[in-house]
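Presented below is the structure to which this report refers.
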Amino acid sequence: MKVQLLASSTQDPADRQFVSTYLINDAVAVDAGSLGFHGTPREQAAVRHVFLTHSHSDHTASLPIFIENVWTPTPDCPRIYGNPETLDSVQRHIFNDVMWPDFIALSRSMPPFLELCPLRDEVPVKVAGLWVTPVRVNHLVPTNAYVISDGRSSVILAGDSGPTKRVWEVAYDTPDLRAVFLEACFPNSVSGLAQAALHLTPELFCREVSKMPAGVKVIAVHIKVRYRDQVIRELLDLRLPDLEIGECGKEYEF
Ligand SMILES: [Zn+2]
Ligand SMILES: [Zn+2]
307 MKVQLLASST QDPADRQFVS TYLINDAVAV DAGSLGFHGT PREQAAVRHV FLTHSHSDHT
367 ASLPIFIENV WTPTPDCPRI YGNPETLDSV QRHIFNDVMW PDFIALSRSM PPFLELCPLR
427 DEVPVKVAGL WVTPVRVNHL VPTNAYVISD GRSSVILAGD SGPTKRVWEV AYDTPDLRAV
487 FLEACFPNSV SGLAQAALHL TPELFCREVS KMPAGVKVIA VHIKVRYRDQ VIRELLDLRL
547 PDLEIGECGK EYEF
């Protein structure tokens, strides 16, 4: 399975993650922070399935642009998956005829722009040769982590979350789990903000890692750009054996 954390900065893109999008096997996206700004129109059109973790703008910002870029006058359209609350927010706050045309309503009267597909917690769906299982985590709005498996290996994209539990129980039930992409938003010095916003600091990151099965690679992502050097220093000080700092644009193979 190929996993790429998409770039979102025009300068030093490997080191600056402003927003979140993962691309799996070039065909399935998780989140759409920068999906609509990625690659060529043809590369975007290859993405037929988009799983949203939650409604926050750094995860949905380019969704309307992506939908516009890939529309064709055929019955075929991208499918957008998420928990029911996230899909409701997408309808009410993005495709609301104010922020962007209501492509959801338009899809009923002309070749469709998108199809919304609500997910049930912990019920896997199969798309493009991958099993994708949503697991709720602990964030300001209803948020999913996703367990993604191709039948040989699995990864967990842990979403935005403060301290959480259920996804790590699922991790123990996933014997071929190779990697967890885990957020490390803020440095330890702003732990008050991290707790209020339900994000992790390196100290909290370490506690989450201790809840996971041993030997699984942990890739730190979603590091706030203005705190990046400090967060990385604090993460490396933890001396976690399986830690890697996430790099945008890199192709991870599992
Ligand atoms: Zn968020
Ligand atoms: Zn976020």
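For the sequence shown, position 134 matches number 440 in the numbering used here, and the numbering has no gaps at all. Glycine is no exception: its CB is placed at the ideal position from the N, C-alpha and C atoms. Values in this document were obtained by computation on a predicted structure and should not be read as measured data.
Opposing strand residues paired with residue i [DSSP bridges]
i	result
residue 388	424
residue 308	559
residue 442	450
residue 487	463, 525
residue 334	330, 355
residue 433	436
residue 475	Per DSSP, none; premise fails for residue 475.
residue 550	525
residue 455	437, 460
Cutoff 8 Å; reference residue i; Cβ partners in own chain excluding five residues on either side
i	result
residue 534	321, 322
residue 494	507, 508, 509, 540
C-alpha gap between residue i and residue j, whole angstroms
i	j	result
residue 523	residue 548	5 Å
residue 369	residue 406	10 Å
residue 423	residue 513	34 Å
residue 479	residue 337	25 Å
residue 420	residue 383	5 Å
residue 482	residue 366	30 Å
residue 491	residue 415	42 Å
residue 486	residue 418	35 Å
residue 434	residue 380	20 Å
residue 546	residue 426	34 Å
residue 327	residue 476	23 Å
residue 348	residue 355	15 Å
residue 474	residue 364	24 Å
residue 452	residue 404	31 Å
residue 389	residue 521	30 Å
residue 536	residue 410	42 Å
residue 386	residue 319	26 Å
residue 306	residue 555	Examination of residue 306 is not possible in this model, given that the chain is present from 307 through 560 alone.
residue 505	residue 378	38 Å
residue 461	residue 454	5 Å
residue 502	residue 438	29 Å
residue 371	residue 342	5 Å
residue 498	residue 469	14 Å
residue 544	residue 550	12 Å
Near ligand 2: residue i beta-carbon under 6 Å from a heavy atom
i	result
residue 362	yes
residue 466	yes
beta-carbon residue i near ligand 4 non-hydrogen atom, thresh 6 Å
i	result
residue 316	Ligand 4 is not among the ligands present in this structure, which contains only ligand 1 and ligand 2.
Close-in-space but distant-in-sequence residues of the same chain around residue i (CB under 6 Å, 5 per side omitted)
i	result
residue 351	376
residue 361	392, 395, 447
residue 511	490
residue 558	309
residue 315	322, 324
residue 552	311, 525, 526, 527
residue 529	490, 537
residue 517	474
Same chain, Cβ closer than 7 Å to residue i, neighbours up to 5 away in sequence not counted
i	result
residue 542	none
residue 456	307, 435, 436
residue 560	307, 309, 459, 461, 484, 485
Answer yes if the stretch 456–475 comes into contact with the stretch 436–444, meaning at least three C-beta pairs across the two stretches below 8 Å, and no otherwise. yes
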